[in-house]
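Residue 13 is where the sequence shown starts when you use this note's numbering, and the numbers rise one by one after that.
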Amino acid sequence: TLQADCDLYLASADASKSNTIVALQQVFVEKQPLMPLNFVNLVSNAAVFYVAQSLGINGASLFLSSENSPLEKALALAALDLTDGADKQALVGVVDECATPVNAQRHLLAASPSASLGESSIWFLASLNSQAAIAQIVLNKTVWGFAALMSEVNRLLSDNTTLAAGRSLNTAQIAE
Numbered sequence: 013t014l015q016a017d018c019d020l021y022l023a024s025a026d027a028s029k030s031n032t033i034v035a036l037q038q039v040f041v042e043k044q045p046l047m048p049l050n051f052v053n054l055v056s057n058a059a060v061f062y063v064a065q066s067l068g069i070n071g072a073s074l075f076l077s078s079e080n081s082p083l084e085k086a087l088a089l090a091a092l093d094l095t096d097g098a099d100k101q102a103l104v105g106v107v108d109e110c111a112t113p114v115n116a117q118r119h120l121l122a123a124s125p126s127a128s129l130g131e132s133s134i135w136f137l138a139s140l141n142s143q144a145a146i147a148q149i150v151l152n153k154t155v156w157g158f159a160a161l162m163s164e165v166n167r168l169l170s171d172n173t174t175l176a177a178g179r180s181l182n183t184a185q186i187a188e
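Right, dumping it as structure tokens:
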């Protein structure tokens, strides 16, 4: 159950691409002023506001955009806030959208015209209270270099552990 003072951490690899494309289209192609709501939606923390408002929570909130490991970074920030004892709960999510038009998304990813694209939304409700926990989140802060990373990935996969990998990790190399 979400507590009213639950903190919210929202992360994304690319923030809101669709809003950026709309704004650029209005200003540079259509030579029109940017519409007020389109401007407000360019501020990524607006997404955090809407999520918090819809869930009825009013704790601290943060939006983080990072191409590499956005979920892991958001979890690390939440862990810092939880461990100091001031916060009791943290809702941590990573959301990535497929920009429209889809050809723009393919261009941004340097993907082929026939590449399948998708969107993702992953959420964790974290706290230091282990009584009702269904899982433990372990942040690995000791991996240095690609060889050490691959060793850790192989160890995790041998333990039947689910692995969340950012876009910067070559999944073909993991399978080897």
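The beta carbon of each residue, even a glycine, is placed where N, CA and C say it ideally should be.
Take the Cβ of residue i as the centre, count every other Cβ of all protein chains shown within 10 Å, and call the residue buried at 16 or more, exposed below.
{"i": "residue 82", "result": "buried"}
{"i": "residue 128", "result": "exposed"}
{"i": "residue 163", "result": "exposed"}
{"i": "residue 25", "result": "buried"}
{"i": "residue 22", "result": "buried"}
{"i": "residue 41", "result": "exposed"}
{"i": "residue 105", "result": "buried"}
{"i": "residue 37", "result": "exposed"}
{"i": "residue 158", "result": "exposed"}
{"i": "residue 96", "result": "exposed"}
Specify, as a first and last residue, the run of the beta strand (DSSP E) that residue i falls within.
{"i": "residue 22", "result": "19–24"}
{"i": "residue 103", "result": "101–108"}
{"i": "residue 122", "result": "Per DSSP, residue 122 belongs to no beta strand (DSSP E) and is neither H nor E."}
{"i": "residue 140", "result": "Looking at the DSSP string, residue 140 is not in any beta strand (DSSP E), and its letter there is neither H nor E."}
Express the C-alpha separation of residue j and residue i in angstroms, rounding to a whole number.
{"i": "residue 113", "j": "residue 34", "result": "10 Å"}
{"i": "residue 18", "j": "residue 120", "result": "34 Å"}
{"i": "residue 66", "j": "residue 60", "result": "10 Å"}
{"i": "residue 39", "j": "residue 77", "result": "24 Å"}
{"i": "residue 215", "j": "residue 45", "result": "Because the chain in this structure spans residues 13 to 188, residue 215 falls outside the shown range and cannot be described."}
{"i": "residue 15", "j": "residue 101", "result": "7 Å"}
{"i": "residue 124", "j": "residue 30", "result": "19 Å"}
{"i": "residue 149", "j": "residue 141", "result": "12 Å"}
{"i": "residue 160", "j": "residue 169", "result": "14 Å"}
{"i": "residue 48", "j": "residue 32", "result": "13 Å"}
{"i": "residue 183", "j": "residue 136", "result": "Residue placement at residue 183 is poorly supported in this model, since its pLDDT is 49, which falls under 50; the coordinates still yield a value, given next. Distance between the alpha carbons of residue 183 and residue 136: 23 Å."}
{"i": "residue 139", "j": "residue 84", "result": "16 Å"}
{"i": "residue 131", "j": "residue 107", "result": "8 Å"}
Go to residue i, then tell me how far its alpha helix (DSSP H) extends in each direction, as first and last residue.
{"i": "residue 61", "result": "57–67"}
Going by DSSP in three states, residue i sits in which element: helix, strand or coil?
{"i": "residue 132", "result": "strand"}
{"i": "residue 90", "result": "helix"}
{"i": "residue 30", "result": "helix"}
{"i": "residue 14", "result": "coil"}
{"i": "residue 77", "result": "strand"}
{"i": "residue 113", "result": "coil"}
{"i": "residue 160", "result": "helix"}
{"i": "residue 50", "result": "helix"}
In its own chain, which residues sit with a C-beta less than 7 Å from the C-beta of residue i, not counting the 5 before and 5 after it?
{"i": "residue 20", "result": "60, 63, 64, 69, 71, 73, 103"}
{"i": "residue 134", "result": "83, 105, 106"}
Within the same chain, show all residues whose beta-carbon is closer than 6 Å to that of residue i, passing over the 5 residues directly before and after it, in chain order.
{"i": "residue 79", "result": "25"}
{"i": "residue 50", "result": "34, 35"}
Excluding the 5 residues flanking residue i on each side, which residues of the same chain have their C-beta closer than 8 Å to its C-beta?
{"i": "residue 189", "result": "This structure leaves residue 189 out entirely; the chain is present only between 13 and 188."}
{"i": "residue 146", "result": "none"}
Could you tell me whether any Cβ in chain D is nearer than 8 Å to the Cβ of residue i?
{"i": "residue 28", "result": "Any reference to chain D falls outside this structure, which holds one protein chain only."}
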